[in-house]
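**Q** For the sequence shown, position 140 matches number 140 in the working numbering, and the numbering has no gaps at all.
Every residue, glycine too, gets a C-beta built ideally from N, C-alpha and C.
Model, not experiment: these values are computed from the prediction.
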Amino acid sequence: MVNSYTGLSRHYDLIMTSGYYDYDDYARTLASVLKGRREVLELGVGTGLVCERLLALGEPPGLSLTGIDHTEEMLVQARRRLAGSVRLVRQDVLQMAIPPTFDAAFSVGGIWFYIHDQHAVEDVFCSHLLNEEDNVLALRNLHAAMKPGGLLALASQGPHHSYERDLPGGLVYAQDVRAAAGDRFVKDYYVRSHDEVVAHQRCEFRLFAREQATRLLEHCGFRFEGTAADGLFRLYARLP
Ligand SMILES: C[S@@+](CC[C@H](N)C(=O)[O-])C[C@H]1O[C@@H](n2cnc3c(N)ncnc32)[C@H](O)[C@@H]1O
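(1) I'd like the list of long-range same chain contacts for residue 228, defined as Cβ closer than 6 Å, with 5 residues on each side in sequence excluded.
(2) Skipping 5 residues on each side, what residues in its chain have a beta carbon closer than 6 Å to that of residue 117?
(3) Assuming the contact rule is C-beta atoms closer than 8 Å, residue 210 and residue 123 should be a hit. Round their C-beta distance to whole Å, please.
(4) Looking only at C-alpha atoms, which of 231, 12, 223, 162 sits nearest to residue 151?
(5) Going by DSSP in three states, residue 118 sits in which element: helix, strand or coil?
(6) Tell me where the alpha helix (DSSP H) around residue 51 begins and ends.
(7) Give the secondary structure of residue 18 by DSSP, where H, G and I count as helix, E and B as strand, and everything else as coil.
(8) Buried or exposed: where does residue 11 fall if 16 or more other Cβ atoms within 10 Å of its Cβ makes it buried?
(9) Given this structure, state the Cα-to-Cα distance separating residue 109 from residue 155, to the nearest angstrom.
(10) Is any heavy atom in ligand 1 found nearer than 7 Å to the beta carbon of residue 162?
(11) What did DSSP end up calling residue 166 once you bin it into helix, strand or coil?
(12) DSSP three-state label for residue 5, please.
(13) Could you check where the beta strand (DSSP E) with residue 186 kicks off and where it finishes?
(14) Strictly by DSSP, which residues pair up with residue 66?
(15) List the DSSP bridge partners of residue 176.
(16) Identify the continuous alpha helix (DSSP H) that holds residue 136 and give its terminal residues.
(17) Mind checking residue 66: buried by the 16 CB within 10 Å criterion, or exposed?
(18) Pull the bridge partners of residue 214 from the DSSP assignment, please.
(19) Given 8 Å as the limit, is there contact between the stretch 40-49 and the stretch 66-83, that is, 3 or more CB pairs closer than that?
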């Protein structure tokens, strides 16, 4: 399986909720851009941290969430966290075959995301899927799963660089990021305890310049509509 999160899953929540992402901010912005859309899909739901925050807001009323992910170890935690309040499906987006059900879909660091670097000219589209053909297939699967006029919201996050920092409990988190051939980068995640590596995961990501991404998304039936006011999500309309 390409880019499984099995290696990091045991420490994922600790890393992400101690300064990596601000899930409350993502949830608040999502609730505002959903504008009453109720049937919503999260792409790469992971351990369910975004869904949990979104449900806690109670907005929009009657929200019905589905999350897909291909890493069972992440879903085990999501099931525990969300206790039946979100439909969770073990599913690789490349094999997703759902009839037009969703009013909206979103991804926060999931299958797709944007990287915003204040020193760069423009945001870059980033994918867990490494080939253009796979991105086309997955976006078409998503298009088929959404209703016409539906909203696709892709989160923006900061640039990936190498660093290390302390985690609660005497652990250390380190990430090592390097460029790779073919518009890709490789990221190694490590968790260490007393200098011993207790978790390691390697992911590879494919980058697309913004124009290239706009063409790719349009080709698959998603038109860029704008950016959320606080810049946290880029928004696309699902075309008929
Ligand atoms: C960085 S995590 C984000 C999880 C969650 N959205 C969050 O904000 O914490 C990326 C997730 O995408 C999932 N993922 C990556 N590629 C996938 C694919 N092809 N199909 C389904 N899920 C995938 C991984 O298993 C992982 O749980």
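**A** Looking at the coordinates:
(1) Start at 1 with the first residue of the sequence shown, and residue 228 comes out as number 228. Only 29, 33 meet the Cβ criterion.
(2) Position 117 of the sequence shown, counted from the first residue, corresponds to residue 117. Apart from sequence neighbours up to five positions away, the residues of its chain that approach residue 117 with a beta-carbon distance below 6 Å are 159, ordered along the chain.
(3) Looking up residue 210 in the sequence shown gives position 210. Looking up residue 123 in the sequence shown gives position 123. Correct: roughly 6 Å between the Cβ atoms.
(4) If you number the sequence shown from 1, residue 151 lands on position 151. The candidate whose alpha carbon is nearest that of residue 151 is 223.
(5) The residue you call residue 118 lines up with position 118 of the sequence shown. Under the three-state reduction of DSSP output, residue 118 falls in the coil class, being neither helix nor strand.
(6) Working through the sequence shown from its first residue, we reach residue 51 at position 51. Boundaries of the alpha helix (DSSP H) harbouring residue 51: 49-57, taken from the DSSP string.
(7) On the sequence shown, residue 18 is found 18 positions in, with the first residue counted as 1. In the structure shown, residue 18 sits in a helix (DSSP, three-state: H, G or I).
(8) In the sequence shown, the residue the question calls residue 11 occupies position 11. With 16 or more neighbouring CB atoms inside 10 Å of its own CB, residue 11 falls in the buried class.
(9) Position 109 of the sequence shown holds residue 109. Position 155 of the sequence shown holds residue 155. Rounded to whole angstroms, residue 109 to residue 155 spans 7 Å at the Cα level.
(10) Position 162 of the sequence shown holds residue 162. No, the beta carbon of residue 162 sits no closer than 7 Å to any heavy atom of ligand 1.
(11) Here the question's residue 166 lines up with position 166 in the sequence shown. In the structure shown, the three-state DSSP call for residue 166 is strand.
(12) Indexing the sequence shown from 1 puts residue 5 at position 5. DSSP places residue 5 in the coil class of the three-state scheme, outside both helix and strand.
(13) Counting from 1 along the sequence shown, the entry for residue 186 is found at position 186. Per DSSP, the continuous beta strand (DSSP E) segment holding residue 186 begins and ends at 184-193.
(14) Position 66 of the sequence shown holds residue 66. According to the DSSP secondary-structure assignment, residue 66 is paired through a beta bridge with 41, 87.
(15) By one-based count along the sequence shown, residue 176 stands at place 176. In the DSSP output, where bridge partners are listed per residue, residue 176 has 188.
(16) Within the sequence shown, the letter at position 136 stands for residue 136. In the DSSP assignment, residue 136 falls within the unbroken alpha helix (DSSP H) covering 132-145.
(17) The residue labelled residue 66 in the question sits at position 66 within the sequence shown. Classification of residue 66: buried, given that the 10 Å Cβ count is 16 or more.
(18) Here the question's residue 214 lines up with position 214 in the sequence shown. DSSP, once it has assigned bridges, lists no residue as partnering residue 214.
(19) Yes, the stretch 40-49 touches the stretch 66-83.
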